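For the sequence shown, this note's numbering begins at 384 and goes up steadily by one. Don't be surprised by glycine CBs; every beta carbon is placed ideally from N, CA and C. Predicted model, so just to flag it, every value in this text is computed and none were measured. In what follows, a structure is listed as structure tokens, so that the remarks can point back to it.
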Amino acid sequence: MSATGQVAGGANLIAFTTGRGSMFGAKPVPSIKLATNTPMFRHLEEDMDINCGEVLDGTATIDEMGRRIFELMLRTASGQPSKSELLGLGDHEFVPWQIGIMS
């Protein structure tokens, strides 16, 4: 998975866009989930960090959403837990290599 490579390459935070609502965490770094549409965000609000679907809905501009995402990144990088961290997602996601035979 690309997030494992990003973390191994030194990423300190993952911004994960999802349109279907992937239950994803990327420990050992926080993962912020950006929902691309409002119906999915509402269905999985406990796991999505920000509703970027507001741009499509016409309730936020691209500039406003960019500012919200940036501010969320700053808060998360400063210690505010992401929703995936609060749910404990990602505890078993970071596997840089598998030991043994893979089927």
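Is residue i close to chain C? Criterion is C-beta to C-beta, closer than 7 angstroms.
| i | result |
| --- | --- |
| L469 | Of the protein chains in the structure, only one exists, and it is not chain C. |
Mark residue i as exposed unless 16 or more other C-beta atoms lie within 10 angstroms of its C-beta, in which case mark it buried.
| i | result |
| --- | --- |
| N420 | buried |
| P413 | buried |
| F424 | buried |
| A391 | exposed |
| L417 | buried |
| I445 | exposed |
Would you mind reading off the limits of the alpha helix (DSSP H) that contains residue i?
| i | result |
| --- | --- |
| T421 | 421 to 426 |
| L455 | 445 to 460 |
| A386 | 385 to 391 |
Once you ignore the five residues that flank residue i on each side, which residues in its own chain have a CB closer than 6 angstroms to its CB?
| i | result |
| --- | --- |
| S405 | none |
| A386 | I397, A409 |
Over the uninterrupted beta strand (DSSP E) stretch that includes residue i, give me the two end residues.
| i | result |
| --- | --- |
| L470 | Segment 466 to 470 is the alpha helix (DSSP H) holding L470; no beta strand (DSSP E) there. |
| T442 | Here T442 belongs to no beta strand (DSSP E), and DSSP marks it neither H nor E. |
| A418 | 414 to 418 |
| A398 | 397 to 401 |
Enumerate in chain order the residues of its own chain whose CB-to-CB distance from residue i is below 7 angstroms, with the five nearest sequence positions on each side excluded.
| i | result |
| --- | --- |
| L472 | M406, F407, G408 |
Going along the chain, which residues of its own chain have a beta-carbon closer than 8 angstroms to the beta-carbon of residue i, five neighbours each way excluded?
| i | result |
| --- | --- |
| R403 | M423 |
| G436 | A418, T419, N420, T421, P422, M423, F424 |
| R451 | I433, A443 |
| A460 | N395, L396, P413 |
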